[in-house]
Amino acid sequence: MTANTAFLLAVGLPVAASPVIYLIGRIAERKNPKIDLARWLALLILLADGYFLFIAGSEFLTTHHELLVSIGAVSLRLDGIALLLAIAVLALGTLVTMFSGPAIARDSGRETYFALLTAMIGTMIGLGAADDLFNLWVWFECMALCSYVLVAFHRNEAAALEAGVKYLVQSALGTVLVLLAIGLVFTNTGSLDLDEIRVAAQPSGLMLAAGALFIIGFGVKSALVPLHTWLPDAHSQAPSGISAMLSGVVIEAGLVAMLRALGALHLVTVSWGALLLGFAAVNMLVGNLMALRQTQVKRLLAYSSLSHMGYILLGVGAGAVIGSEYSAAGGFFHILTHAMMKGLAFLAAGALLYCLHQANDNHNPLVVDDLNGASRKYPLTAFAFSVAVLGLGGLPPLAGFMSKWQIFVGGFQTGNAWIIALVVFAGLNSVLSLGYYAPLVNRLYRRQPAEIVEQGKPMPVLMTVTMVILSLGVVVLGFWPSLADWLTGPAAQSLLMLFGG
Amino acid sequence: MAELLILLTIGLPWLGALFCWAAGDRHPRLQHGLAVAFSLAAGIAALLLIPFGKDQVLITLSVGGAFGNFTFSPDGLGVFLAAVATVIGSLAVIFSVDYMRSEDQLGRYYAFVLFFIGAMVGLVLTTNLLLMFAFWEITALTSYALISFHNDDLKAVAGGIKALIITQFGGLGLLIGALVLFANTGSYDILTIIANPGILPAGALAWMAFGCLAAGAAKSAQFPFQTWLPDAMEAPTPVSALIHAATMVNAGVYLLARFFPAFEGVPGWREAVMAVGMLSALLAAVMAIFATDLKRVLAYSTVSQLGYMVYAVGAGGIFAAQFHLLSHSVFKALLFLGAGAVIHSVGTRDMRQMGGLGKNMPFVRLVFVIGALALAGLPVLNGFWSKELILEAGLAHGNPLWMLFVMLVVSGLTAFYSFRMVWLVFYGQPRAELHAHDAGPAMKVALAPLAIGTLTTWLLAGSFSRLLSESLPAHQIAAHSTGEILLEVLTAPITLIALLVIALGLVCWWQRDRLAGVKRALTGLQITATNSFGFEAVNRAVVLGAQNSAEKLRSTQTGVLGWNVAYLVIALIGVLAILLLGVGLP
Amino acid sequence: MTISIPTAVLIIVLGLVGIGIYALLTTRHLIKVIVALQLLVKGAMLALVLAGHLTGQDDLGQSLAITVIIADTIVAVIGMALAVQVRRVVGTLDLRSLTSLRR
Amino acid sequence: MVHGLIAAVTLVCAIQAVRATRLLVSALWLAGASALVALEMYLLGAPEIAVIELSVGAGLVTVLFVFAINLTGEENLDARRMIPRPLAWTMLFIAGALLLIFILPGINQPATGQVYGAFREIFWEDRQLDTLLQIIMILAGVLGVLGLLSDQKTGQIAPYEEHGA
């Protein structure tokens, strides 16, 4: 199999397989609902996809030539950013699929869930690889459509529906703005191919407007403050596996889409990166303050995603403005580590939500008081949750410390006073964030378990396994951060090419 | 050989932490055993490492990129502190066998204690500033986890968070220092910058110097960050002895001493360091005089004694600072563990309820008095020699004499509160119905070596000065024999003055009833001091400010779709306006 | 005064988008929200067709617009399904009662 | 002139669709706006898309609206707005003005791109990836409707099983 074929399969397999998963799952559901065939099928597809991605990725990494596959006039390109996003999406997606088996075992519509989850994973891989402005939008829209349905999966709960409505409306509005921007770019350059646009896009008011519309349009999905208002609702109401996906990779995929679009306009102005840095500052502060007094666990984690998006923007923005490779690599490293840590945090919170509430047929949200003394009954889950939130708080020896460090180092290396000030501000925010992460850990290790913990159901094995795998990843990357260099380095170079080369 | 010993000293406690956690809380005896075994083994490894104390990098793990090389080097400063951390660490663990006997969740307790010991060793042995910062943060994490060990107690939780946030806030200074170093030199190597500070531009060096001062002050609970240490006393007492008296709080002093050759040329840095040390010593001593909680008195005295060390570093007396660090680690660990034995026995920390406990706890009284005398600085205990050396360093050319005067006054105050504490706890009439019993066997095993150490560690002065002198060329520490050092102290006029001041402090305590008038006159000071000179109010204001602004900001999440869309339009307007004003139309 | 063709279409585009956003800002009825989204997307679609027309690539503009039509119809379908379910579960389509998720 | 007229009527339809108090009326005005947009597309030289817009945008979507309105019922809501009207107008005016400042100077100097082929080729060959991805969109739509509207009620959730993995 050639690398190009493998790449095409890696992009196409999950997308093509999702209707099959639905159909077979549907039939199996009628025949014997116990087997839950859709889940295993989805897992199989994702593992196979990992194999194809491995072939394509290793070809790219060994030859340093981007893979380019053309389908008609539209092409897909595997560069550093695409590979990084694909690996993050696929790895987290596979674990979430494993986790979701028990988590939604009792809901109806499981085959819908797994089919759409697989499709969403596939569309995100495609989104990372899109090399055509309009095609980028199509992938983006497909991803969004899948996620609307998944967010409102608990269709009999008013809050989930409300979150779904808000998510849908705000996302759709963002989509429209992106389309307008595409229209402007198309008018001005006469092309949709990102490479051709890169050459043709010259400074003009029209293109500035297009860039602004891209930032706002894609910014809705990547949760730039103040476009973030849908996020705490959707992330807290979605099934926990989907929360992990949304927070861990979907908002980052939105960012990648934005970077691709803005990168094509890099000749228009150097201010794109500076704007991202501005959003970085606001995101960090607002996210942390909003989380500080939050009492619902999943909502708290959702707000913390805002501040982590701020760190990522800091790295990526400094890479775009100054061309600092360490910054960019740090930003992408943080995308990876955040996917792991936030994924783990949501899965752990989801596991507790499942055992303490859902398994007892109660639909209340998980509040911080429910965590009291959870380590008594769920030692591994409590440990995993602690690893996740302490990592998010940037404490060593966990992965979050190292990725933040890389972002900070890159910022200082630019020698730019504004960026250095922003790094110090980010450090302050990191300290502030401990004000809400640390008490969560405290609660988990209280001696006197909350009443609800004592009535909790046992933890399903598959959930524990996924959490252990992710915890190991967070710890290992914390001890040996350069393990991710092979992935973040090429991604950073791709970003610098986008904005400078 | 030395490479292996370094890895063992860091790795054994961490391995032990894993085992203790994995052993499970159903097997407390196994956990006690594992913890003692691993901490003792680490202590032995650290002691064996001392002869290898040289200035040379022994372990290099090439991580590359933004992370530099992870390097470790056993120089004099490093091996000495590693030995202190592991030896006192293992004594604290042994003490815990009795102290924590009836406690729950021992796995978490021992895992964090051992995790701390390993991290502390790593902190002092590494020569990579990134790694140093990482270990720095791990010690903060473990300190936090252990302060909040009694998670159901709101005070313990609050104290833990406070310590974590304040030390992390100061830690930003070290972060800035490390980033400045890497941005300018492309490496995190500490030895290079110490040997040749000129490789950094003057401005960058100043940022690094004052950043490290902030970090050191926060870690060592110095002015203006001192408020976290008294609240950290909610931790189990062996933890207070180990982390909040003998080791972690020394990391700040270590940092300043380590970088002294690099920073001493930065204008104003030495003066700032001395001022920080002096203010901390003075304020904390005054607070200790009025405090009524036994552990808090010890905490204040720790801040005060650390102030002496910081002052000494600023004054250029690196050897004096490190020597006092050694003495203080030993006698303060002794005092804390002694206090732990008392608290474990009577179940309260309030000195007003104690009194006359000496009759039932003769052993604890004996060792506690030894420690207190060392704290007061009476000859011939170890605290005497090292404190005199610090005062002498204050006399060095160019140091402001008024600061030295303040430090002399503080030594009088120290004597005063040391005697007050001993008296209130062990002597006089019992003030409450307390059933005291003497220390358990494991406690005695831990206390005895510390008491002996308090009586004898000053004999190490000569070899200690040789160790530092040989392995730290940039610090320019002269090697002297023990005899020379002792003679120097004894013949110095300042020693006599200091002894007079200490005696004055003693007399004041003895004649306290006659000084009732003075006491009344000082009521205002007492009120200010028990309110921590307003620092607590500042802390509270900051916390309240953050929480209020958070609460206000939360109302922006209206949950109304229309407003959500409005924010989007506003953001669009904002971005367009920025582009219009910032970039302009081409 | 004659209006050039691009200007006229641009007026439609911006008008539709403006009216759509205005409706999103002010309306209280969920179905009307979906109507507003439809208006918005029609504007965007017309913008693409206009772009194709202006650059002489009418057919490319058209084929993009088809994809947009499908996408926005699906959005409308999912939106309506949500609305129907909201009506069942919450009992009303008033957006004022869909404000439980706040702070 | 024709274009100006179409523009005016389209916007009137749109405004009416937003203002109408009855949902059915609103949907019909929307259909009208859709038809006029289709007409405008036709005049711009896009006949194929005009047909599709007319059948899907004006036809199918309206039918869907009627279905949905039937299912949910008309609901009379009082006139209170989500956010004050003057504020909405001000924001929109500023945003629109800013956009126009940026766009207007450039809109009349379009680039001329390379013409690749006829509509059929472009749609089915050049842009077949977009076309293929519509399948995923439709899948999401179908599954969304099926998932959201299936009849099962909360009470029918499967019973809890130990180790449901």
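Just so you know, the sequences run in chain order C, Z, G and D.
Under the numbering used here, the first residue of the first sequence is numbered 82, with each subsequent residue one higher.
Under the numbering used here, the first residue of the second sequence is numbered 14, with each subsequent residue one higher.
Under the numbering used here, the first residue of the third sequence is numbered 96, with each subsequent residue one higher.
Under the numbering used here, the first residue of the fourth sequence is numbered 14, with each subsequent residue one higher.
Glycine is no exception: its CB is placed at the ideal position from the N, C-alpha and C atoms.
query, result
"Taking all protein chains shown into account, decide if Pro280(Z) is buried (16 or more other Cβ within 10 angstroms of its Cβ) or exposed.", "exposed"
"Select from Ala146(G), His124(G), Val130(G), Val179(G) the residue whose C-alpha is nearest the C-alpha of Asp167(G).", "Val130(G)"
"Between Ser568(Z) and chain G, is there a C-beta pair that is closer than 9 Å?", "yes"
"Between Ser200(Z) and the rest of its own chain, which residues show a CB-CB distance below 7 Å, the 5 nearest in sequence each way excluded?", "Gly81"
"Using a Cβ cut-off of 8 Å, pull out every chain C residue sitting near Asn164(Z), in sequence order please.", "Asn523, Arg524, Tyr526, Arg527, Arg528"
"Tell me whether Leu18(Z) is buried or exposed, calling it buried when 16 or more other Cβ atoms sit within 10 Å of its Cβ.", "buried"
"Could you pull out every unbroken beta strand (DSSP E) segment of at least 3 residues lying fully inside the region 317–366 of chain C, listed in chain order?", "none"
"Have a look at Ser405(C) and Glu277(C) and give me their C-alpha separation to the nearest angstrom.", "25 Å"
"Would you list the residues sitting across from Ile136(C) in a DSSP beta bridge?", "None, per the DSSP bridge assignment."
"Determine the DSSP secondary structure at Phe221(C), reduced to helix, strand or coil.", "helix"
"Within its chain, find whatever has a CB closer than 8 Å to the CB of His176(D); leave out the 5 residues flanking it on each side and keep chain order.", "For His176(D), the pLDDT reaches just 46, beneath the cut-off of 50, and the residue's location in the model is therefore unreliable, although a value from the coordinates is still provided. So no residue of the chain qualifies."
"Check each candidate in Leu90(Z), Phe85(Z), Arg121(Z), Ala98(Z) and name the one with the smallest Cα separation from Ala35(Z).", "Arg121(Z)"
"Taking the alpha helix (DSSP H) that Arg378(Z) falls in, what are its first and last residues?", "375–389"
"Pull up the DSSP beta-bridge partners for Asp213(C), would you.", "Asp274(C)"
"Around the Cβ of Asn89(D), are there at least 16 other Cβ atoms within 10 angstroms (buried) or fewer (exposed)?", "exposed"
"Can you pull the chain G neighbours of Gly587(Z), defined as C-beta to C-beta under 8 Å?", "Per Cβ cutoff of 8 Å: no residues; Gly587(Z) is ~16 Å from chain G at best."
"Enumerate in chain order the residues of its own chain whose CB-to-CB distance from Tyr435(C) is below 6 Å, with the five nearest sequence positions on each side excluded.", "Ala184"
"Between which two residues does the beta strand (DSSP E) carrying Ile152(C) extend?", "148–152"
"State the Cα-Cα distance for the pair Ile116(C) and Ala325(C), rounded to the nearest angstrom.", "25 Å"
"Among Leu519(Z), Leu338(Z), Ser342(Z), which has the Cα closest to the Cα of Gly425(Z)?", "Leu519(Z)"
"Just checking: is the beta-carbon of Ile583(Z) within a distance shorter than 9 Å of some beta-carbon in chain D?", "yes"
"Measure from the alpha carbon of Gln235(Z) to the alpha carbon of each residue in Phe548(Z), Gly587(Z), Glu564(Z), then state which is nearest.", "Phe548(Z)"
"If contact is defined by three or more beta carbon pairs under 8 Å, each pair taking one atom from either stretch, is the region 221–229 of chain Z in contact with the region 50–65 of chain Z?", "no"
"Just how far apart, CA to CA, sit Lys345(Z) and Asn552(Z)?", "27 Å"
"Report yes if the C-beta of Arg191(C) is less than 8 Å from at least one heavy atom of the ligand MN; otherwise report no.", "Among the components of this structure there are no ligands whatsoever, and the ligand MN is therefore not found."
"Can you name the residues of chain G whose CB is closer than 9 Å to the CB of Lys575(Z)?", "Looking at the sequence itself, residue 575(Z) is Gly, so the reference to Lys does not match. In chain order: Leu119, Leu120, Thr121, Thr122, Arg123, Leu190."
"Residues of the region 105–126 of chain D in Cβ contact with chain Z at a cutoff of 8 Å, in chain order, please.", "Leu105, Ile107, Ala108, Leu111, Leu112, Ile114, Phe115, Pro118"
"Does DSSP put Ile185(C) in a helix, a strand or coil?", "coil"
"Using only alpha-carbon positions, find the residue among His124(G), Leu134(G), Arg123(G) that is nearest to Gly45(D).", "Leu134(G)"
"Please list, in chain order, all residues of the same chain as Pro541(C) whose beta carbon is under 7 Å from its beta carbon, the five residues on each side excluded.", "Pro183"
"Verify the CB distance criterion: does Ser99(G) have a CB-CB separation below 9 Å to chain D?", "yes"
"So Ser75(Z) is in the beta strand (DSSP E); what residue range does that whole segment cover?", "72–75"
"Using a Cβ-Cβ cut-off of less than 8 Å, give me the residues of the region 296–312 of chain C that come near chain Z, in sequence order.", "Ile296, Ile297, Gly300, Val301, Leu305, Pro307, Leu308, Thr310, Trp311"
"Mind checking His357(Z): buried by the 16 CB within 10 Å criterion, or exposed?", "buried"
"Please list the partners that Ile106(G) has in chain C, where partner means a Cβ-to-Cβ separation under 7 Å.", "In chain order: nothing, as chain C lies at least about 14 Å away."
"In chain order, which alpha helix (DSSP H) runs of at least 4 residues are fully inside the region 425–475 of chain C?", "455–458, 460–473"
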